[in-house]
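Participant: For the protein sequence lines, the chains are A and B, in the order given. For the first sequence, the tail end lands on 293 under UniProt numbering, and the numbers increase by one without skipping. For the second sequence, the tail end lands on 280 under UniProt numbering, and the numbers increase by one without skipping. Take a look at the following structure, please.
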Amino acid sequence: MIRDAKKEWLIALTLIAPFAAIYGLVFVYPTIDMFLLSFTDAPLIGAGDYVGLENYTRLTSDRRFDTAVWNTAWFVVLSVIPGTFVALGIALAVSRLSGRLQTAVLALFFLPYILPVSVIYLIWDWTLNFQFGIAMHIFDALGIDRIPVFKSATWFIPAVALITVWWTCGFNVLLFLAGLRAIPQEIYEAAALDNAGRWKTFSRVTWPLLWPITALNFTIQLILQMKIFDQVYLFSQGGRPNDNLVMVYYIFQRAFQNNHGGRAAAVAVVLFFIVIVVSVLNFQLMRFAERKQ
Amino acid sequence: MTPQTARRANLAGGAITILTVVCAVIWAFPLYWGIVSSLKPEDEVVRPYIELWPDTLTFEHYVHALTATQIGRWYLNSIVTAVGTTVLTILTSIFCGYALSQLRFPLRRPLYWLILASFMVPTQVLIINHFVLVANMGLLNTWAGIILPQLIHPVIIIIYKQFFDQVPKEFREAAVMDNASEWRILFKVFVPMNWGVTTALSIVVFIWSWNAFLWPFLAATKTEWMTITVGITQVNDAFGIYYARELSLAVLAGLPVALAYLLFQRQVTRAITLSAGIKG
């Protein structure tokens with residue numbers, strides 16, 4: 001086939017232009033701007049003076065930054081690991097079912113994921129309400145002391161992590177189900193012929209074959225949860241925001257509540273690099289795992 | 001298997017099935033509890049014991065939400081911004097995906113890699129600069145300002161590229177022979193052949209955008225410009241807290257996406273697995 005290279009180049013340019021324009025405006029430019037801003041003492045809106053690395057060196061003795069880093073790490077541990085295993089359990093249970101029962105059960109597990117974060121917040125704020133929440137009635141019945149969950153520095157992050165698992169698990173269940181469906185039925189038939197029990201079939205067949213999906217699930221959640229903000233912010237309202245800070249929340253607080261654009265940008269740059277490094281490591285790890293298979 | 005072990009396996013299987021159903025019901029219970037509480041009078045909501053069904057069924061909180069809050073306005077903002085985001089994202093992604101898949105031009109590979117690399121960049125870190133940019137453009141508290149930073153979904157481009165790659169070469173060659181323009185080929189061949197993907201992706205981008213919190217929360221500093229996802233968290237009554245009222249707002253905000261999911265369950269599932277890089 002004869003191709004008119006010049007014409008094709010022109011058409012390609014027109015097709016890519018709308019995306020490229022948006023991409024440049026709301027992605028490339030803000031990223032560069034973020035780096036530049038982090039070297040100044042600018043407020044949120046308006047110009048500032050160049051201060052070199054001062055915004056970064058200040059982070060080393062910044063208590064709120066410390067809190068944010070540790071809380072983010074703690075949140076990631078408490079949401080990603082349980083999230084992966086709970087989702088695997090649900091997927092295994094759902095994949096056994098068939099027909100309408102499967103659709104209905106899957107819908108019940110998946111429904112929270114589709115809802116906006118503010119709905120999740122209102123529902124759980126109500127469920128765990130210190131005075132009237134249904135969870136507290138259950139605590140009373142079990143003889144456990146009531147806890148003002150969202151006002152307690154100890155329980156805040158674990159509670160929000162747990163709610164996050166409940167909220168987002170449906171997504172991971174879908175990925176696991178896709179992975180389970182991709183395992184050829186003959187392998188199970190062969191295992192059944194060998195009289196392998198449930199546990200043996202799982203540990204020798206399902207789990208090894210599901211490993212790539214487990215790694216994918218883990219990776220996606222890890223990167224997602226490092227960027228946590230919404231739930232933490234909402235549940236902190238009327239509580240103790242300074243104890244509950246996570247990275248994005250700290251960026252928000254510095255920029256929008258303390259009006260320190262430059263210092264907030266420095267935190268943003270740090271998070272930017274953490275996320276990129278973790279993503280690259282993850283990507284390499286997955287490639288390595290795939291090659292090993 | 002002997003008949004006896006088979007029967008035992010059946011029994012165990014039945015027990016697991018029942019357990020699964022019970023767990024699913026418990027899992028979804030907080031949702032039910034939220035809905036039921038929103039249908040009780042305020043004094044019944046705070047009773048110190050558990051009532052799974054209201055004594056007096058009331059819709060007063062919904063009437064209050066619809067008449068005394070700005071929820072109508074927030075619905076409108078949500079619909080306009082979610083539809084706007086969806087249409088613009090899908091259109092620009094179709095164009096870009098088509099160029100990447102079907103056309104040969106300089107810098108094609110680097111562009112592809114650039115789009116893949118941008119998967120990694122967390123857009124949350126850009127909030128400061130998005131805010132400054134949108135403020136300088138005078139777009140705070142406008143629909144355009146809420147939409148603009150939400151238009152970056154590189155994964156949609158990659159999905160389109162993959163689907164367009166699968167369209168057999170003969171279709172394009174025949175069309176080129178007939179002197180059809182690229183636009184015609186795109187809209188008469190490639191887009192119609194992939195309606196399924198477009199429907200699925202549109203539904204999910206709509207849901208993502210409807211559910212977006214952080215950016216709409218920053219871009220709307222006035223109550224009348226909030227989307228419903230943001231607005232329902234900003235209702236403060238002057239005297240005390242009205243739990244049932246708040247929950248009725250939650251139900252109203254969640255209803256459209258919950259319905260979208262229940263009506264298009266298969267498409268939503270497909271688009272979500274696609275967006276994670278799994279071919280469904």
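Here a beta-carbon is modelled for each residue, glycine too, at the ideal position from N, C-alpha and C.
Per DSSP, which residues does Thr40(A) bridge with? Please list them.
Facilitator: Per DSSP, Tyr50(A).
Participant: Tell me, please, whether the CB atom of Ala265(A) is closer than 9 Å to any CB atom in chain B?
Facilitator: Taking Cβ atoms only, chain B reaches closer than 9 Å to Ala265(A), which makes this a yes.
Participant: List, in order along the chain, the chain B residues whose C-beta lies closer than 7 Å to that of Lys227(A)?
Facilitator: Correct list: Pro122 and Gln124.
Participant: Give the C-beta separation of Asn194(B) and Phe171(B) to the nearest angstrom, bearing in mind that I take them to be a contact with Cβ-Cβ under 8 Å.
Facilitator: About 12 Å; that fails the 8 Å criterion.
Participant: Name the chain B residues that come within less than 9 Å of Met34(A), Cβ to Cβ?
Facilitator: Correct list: Val125, Leu126, Ile128 and Asn129.
Participant: Where does Ile213(A) land, buried or exposed, given buried means 16+ other C-beta within 10 angstroms?
Facilitator: With 16 or more other Cβ atoms within 10 Å, it is buried.
Participant: Does the stretch 192-207 of chain B come within contact of the stretch 259-276 of chain B, defined as at least 3 CB pairs closer than 8 Å?
Facilitator: The stretch 192-207 of chain B vs the stretch 259-276 of chain B: in contact.
Participant: Starting from the C-beta of Gly34(B), find all residues in its chain whose C-beta is less than 8 Å away, skip the five residues before and the five after it, and write them out in chain order.
Facilitator: Leu247, Ala250 and Val251.
Participant: Applying a beta-carbon distance threshold of less than 9 Å, which residues of chain B neighbour Gly52(A)?
Facilitator: In chain order: nothing, as chain B lies at least about 19 Å away.
Participant: Helix, strand or coil for Gly280(B) per DSSP?
Facilitator: The predicted model places Gly280(B) with a pLDDT of 46, which falls under 50 and marks its position as unreliable; any figure quoted below should be read in that light. Looking at Gly280(B) - three-state DSSP - the assignment turns out to be coil, as it is neither helix nor strand.
Participant: Could you check whether the Cβ of Tyr49(B) sits closer than 9 Å to any Cβ belonging to chain A?
Facilitator: Closer than 9 Å to some Cβ of chain A, the Cβ of Tyr49(B) qualifies, so yes.
Participant: Given a cut-off of 9 Å on the beta-carbon distance, is the pair Gln70(B) and Thr233(B) in contact?
Facilitator: For Gln70(B) and Thr233(B), no; Cβs fall outside 9 Å.
Participant: According to DSSP, is Phe176(A) helix, strand or coil?
Facilitator: Helix, per DSSP.
Participant: Going straight from the alpha carbon of Phe218(A) to that of Gly14(B), what length do you get?
Facilitator: When rounded, the distance between both Cα atoms is 31 Å.
Participant: With distances taken Cα to Cα, identify the nearest neighbour of Ala68(A) among Pro18(A), Leu108(A), Arg198(A) and Ile228(A).
Facilitator: Comparing Cα positions, the closest option is Ile228(A).
Participant: Going along the chain, which residues of the stretch 153-165 of chain B sit with their C-beta nearer than 9 Å to a C-beta in chain A?
Facilitator: Within the stretch 153-165 of chain B, the qualifying residues are Pro154 and Ile157.
Participant: For Arg104(B), which residues in chain A fall below 9 Å Cβ to Cβ?
Facilitator: Correct list: Arg3, Ala5, Glu8, Trp9 and Ala12.
Participant: With a threshold of 9 Å between beta-carbons, can Ile228(B) be considered close to chain A, or not?
Facilitator: It does: the Cβ of Ile228(B) has a partner Cβ on chain A nearer than 9 Å.
Participant: Would you please verify whether the beta carbon of residue 322(A) is less than 9 Å from any beta carbon of chain B?
Facilitator: Any question about residue 322(A) goes unanswered here, given that chain A covers just 1 to 293.
Participant: Please list the terminal residues of the continuous alpha helix (DSSP H) segment that includes Met136(A).
Facilitator: First-last of the alpha helix (DSSP H) with Met136(A): Ile134 to Leu142.
Participant: Would you mind giving the Cβ-Cβ distance between Trp27(B) and Phe109(A), rounded to the nearest angstrom? I have them listed as a contact below 8 Å.
Facilitator: Trp27(B) to Phe109(A), Cβ: 6 Å. Contact.
Participant: Residue ranges of each alpha helix (DSSP H) run of no fewer than 4 residues wholly in the stretch 204-259 of chain A, ordered along the chain?
Facilitator: If we require 4 residues or more, the alpha helix (DSSP H) runs fully inside the stretch 204-259 of chain A come out as 207-226, 230-236, 241-244 and 247-252.
Participant: At the 9 Å Cβ level, is Phe202(A) part of the contact set with chain B, yes or no?
Facilitator: Judged by the 9 Å Cβ criterion, Phe202(A) is not in contact with chain B.
Participant: Helix, strand or coil for Asp66(A), going by three-state DSSP, please let me know.
Facilitator: Helix at Asp66(A).
Participant: Any beta-carbon of chain B closer than 9 Å to the one on Gln185(A)?
Facilitator: Output row for Gln185(A): interface = no.
Participant: Using only CA atoms, which one of His61(B), Glu60(B) and Glu44(B) lies nearest to Trp53(B)?
Facilitator: The candidate whose alpha carbon is nearest that of Trp53(B) is Glu44(B).
Participant: For Gln124(B), does the three-state DSSP call read helix, strand or coil?
Facilitator: In the structure shown, Gln124(B) sits in a helix (DSSP, three-state: H, G or I).
Participant: If we define contact as Cβ-Cβ less than 9 Å, is Gly280(B) a contact residue for chain A?
Facilitator: At Gly280(B) the pLDDT is 46, less than 50, meaning the model places this residue with poor confidence and gives no usable figure here.
Participant: Taking one C-beta from the stretch 139-159 of chain A and one from the stretch 229-243 of chain A each time, how about it: are there three or more such pairs within less than 8 Å?
Facilitator: Contact holds: three or more Cβ-Cβ distances are below 8 Å.
Participant: Tell me the start and end of each unbroken alpha helix (DSSP H) in the stretch 64-123 of chain B that is at least 4 residues and wholly inside, in chain order.
Facilitator: Listed in chain order, they are 71-102 and 108-117.
Participant: What residues in its chain sit with their C-beta under 8 Å from that of Ser37(B), if we drop five residues either side in the sequence?
Facilitator: Around Ser37(B): Val45, Tyr243, Ala244 and Leu247.
Participant: Between Ile152(B) and Ser93(B), what straight-line distance do the alpha-carbon atoms span, to the nearest angstrom?
Facilitator: So the two alpha carbons sit approximately 10 Å from each other.
Participant: In terms of residues, what are the limits of the alpha helix (DSSP H) holding Leu244(B)?
Facilitator: Note that residue 244(B) is Ala in the sequence shown, not Leu. Tyr243 to Leu263 is the extent of the alpha helix (DSSP H) around Ala244(B).
Participant: Tell me whether Thr40(A) counts as near the ligand NAD, meaning its Cβ is closer than 8 Å to at least one heavy atom of that ligand.
Facilitator: Summarising the ligand content, the structure contains no ligands, and the ligand NAD is consequently not present.
Participant: Hey, Thr229(B) and Trp210(B) are a contact pair by Cβ (cut 8 Å); roughly how many whole angstroms apart?
Facilitator: The Cβ separation is near 7 Å, so the contact holds.
Participant: Is Thr198(B) helix, strand or coil when you go by DSSP?
Facilitator: Thr198(B): helix per DSSP, three-state reduction.
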